[in-house]
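> Sharing a structure below in structure tokens format, with a few things to ask.
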Amino acid sequence: MTTSDQRALPTTGEQFCQVGDISLCYEALGDPQAEHTVVLIMGLGLQMVWWRDDFCAELTGRGLRVVRFDNRDVGHSTRVRGPGVSAFGFLRRRATATYSLGDMADDTAGLIEQVAPDGAHLVGVSLGSLIAQEVAIRHAARTRSVVSIMGRPGDGRTGTVARRMLIEFVRPPAIDPVEGLVASFGRIGSQRRTAQDDEDVRTAVRRSMSRGPGDDSGRQLAAILNERDRRADLGRLQMPALVVHGNQDRIIQPSGGRATAAAIPGSELLEINGMGHDLARWTWPAVIDGIERTARRGGPPGMKPLGLRDDD
């Protein structure tokens, strides 16, 4: 592995696509003629630059085209007006949602329509995994395969936050936002994190800050608090699916991954010993192997996506 963000990636640079009232900022990496396009969906309040350049380079090096983007309310994508959720509201599990996970899934599907008209392979992490599940359900014809990392099916019982980790959602902002997030990932992240993992966080935070004003995760968090039970709909999926979870995850506990895999027929469950709520570099080989394996199971662009069972 190279040092943080040192690889030269073939890229189109930042581009924008319009999906209804939402403008999404995205970047396409790798060979535009590649057989498989992988769309990466990031987690709560984090910009697309949190998909590390080296991680993306590993994927493009395997012949996959990669598209990463800013969800609504972060980075250079549209900032939506409306209430978010307060710390008190989060602790009470109550919030008025300005938009839903389904709305965020529709954003992603609109992006896929423009960057991969024949369908794309979805990879979502944390909040992004919930969005990926909704895209696969709501827009099955655009979904060739799905990889859900650090996710849950929304049943309200599995994948809950460990009590001792609730403080992470209401902790006052650190004086130094860069070192504050390094410390946070040290608490929620994987065992055997290295100095390079910490440097990855510093790089991502600084790149995010350089792209404009601070991001607002309150409305995204409200959407999470209002998520629906997706188990029945996940049970109708027919496309290849991989569920990745760490057995040391205390933000979305491992029961969430197991329940997601149990809900999706024929899915593969990859539970990684020592992995927490992050993608430490030592987890990359297993995760990237899984993404490639699942994408290739999804078939070439000329093949019709498997979608949903006929009884929908």
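So that you can map any letter, position 223 of the sequence shown is 745 in my numbering, and since no number is skipped, the others follow by simple counting. Ideal Cβ positions, reconstructed from N, Cα and C, are used throughout, including at glycine.
1) Taking 7 Å as the limit between beta carbons, can you name the residues of its chain near Gly624, skipping five residues before and five after?
2) Please return the same chain residues whose Cβ sits closer than 7 Å to the Cβ of Thr524, not counting the five positions on each side in sequence.
3) When you compare only the Cα positions, how much space is there between Gly708 and Thr582?
4) Enumerate, from N- to C-terminal direction, the unbroken beta strand (DSSP E) stretches of 3 or more residues contained entirely within the region 738-789.
5) CA-CA distance, Gln540 and Arg587?
6) Rounded to the nearest angstrom, what separates Ile810 and Asp722 at their Cα positions?
7) Beta-carbon separation of Ala654 and Val668 under 8 Å?
8) Write down every uninterrupted run of the alpha helix (DSSP H) in the region 532-585 whose length is 4 residues or greater and which is fully enclosed by it, in chain order.
9) Should Met570 and Phe591 be called a contact, given that it needs their Cβ atoms to be closer than 8 Å?
10) Which two residues bound the contiguous alpha helix (DSSP H) that contains Arg660?
11) Between the alpha carbons of Ala696 and Ser706, how many angstroms are there, rounded?
12) Is there contact here, the region 747-764 with the region 591-604, by at least three beta-carbon pairs under 8 Å?
13) Do you know how far the Cα of Thr559 is from the Cα of Cys578?
14) Is the separation between the beta-carbon of Ser545 and that of Thr600 shorter than 8 Å?
15) With a CB to CB cut of under 7 Å and the five nearest residues on each side skipped, what residues in its chain are close to Val704?
16) Considering just the uninterrupted stretch of the beta strand (DSSP E) at Ile671, what are its terminal residues?
17) Skipping 5 residues on each side, what residues in its chain have a beta carbon closer than 6 Å to that of Gly788?
18) When you compare the CB positions of Val765 and Arg728, do they come within less than 8 Å of one another, or not?
19) Counting C-beta neighbours from all protein chains within 10 Å, is the total for Gln841 16 or more, i.e. buried, or is it exposed?
20) Look up Gly646 in the DSSP assignment and say whether it is helix, strand or coil.
Checking against the coordinates, here is how it stands:
1) Glu656, Arg660
2) Residue placement at Thr524 cannot be trusted, given a pLDDT of 43 that sits under 50; what the coordinates show is reported in the next sentence. Hits under 7 Å: Asp576.
3) 29 Å
4) DSSP runs (the beta strand (DSSP E)) wholly in the region 738-789: 763-768.
5) 21 Å
6) Straight across, the Cα-Cα distance linking Ile810 with Asp722 is about 17 Å.
7) yes
8) 575-582
9) Between Met570 and Phe591, the CB-CB gap stays under 8 Å.
10) 649-660
11) One C-alpha to the other measures close to 10 Å.
12) Too few Cβ pairs lie closer than 8 Å, so no.
13) Cys578 and Thr559 have their C-alpha atoms spaced approximately 12 Å apart.
14) Ser545 places its beta carbon less than 8 Å from that of Thr600.
15) Around Val704, the same chain offers Asp720, Val723, Arg724 as residues with beta carbons nearer than 7 Å, after the five sequence neighbours per side are excluded.
16) 665-671
17) none
18) no
19) A query on residue 841 cannot be resolved here, the shown segment of the chain reaching from 523 to 834 and no further.
20) DSSP places Gly646 in the strand class (E or B) of the three-state scheme.
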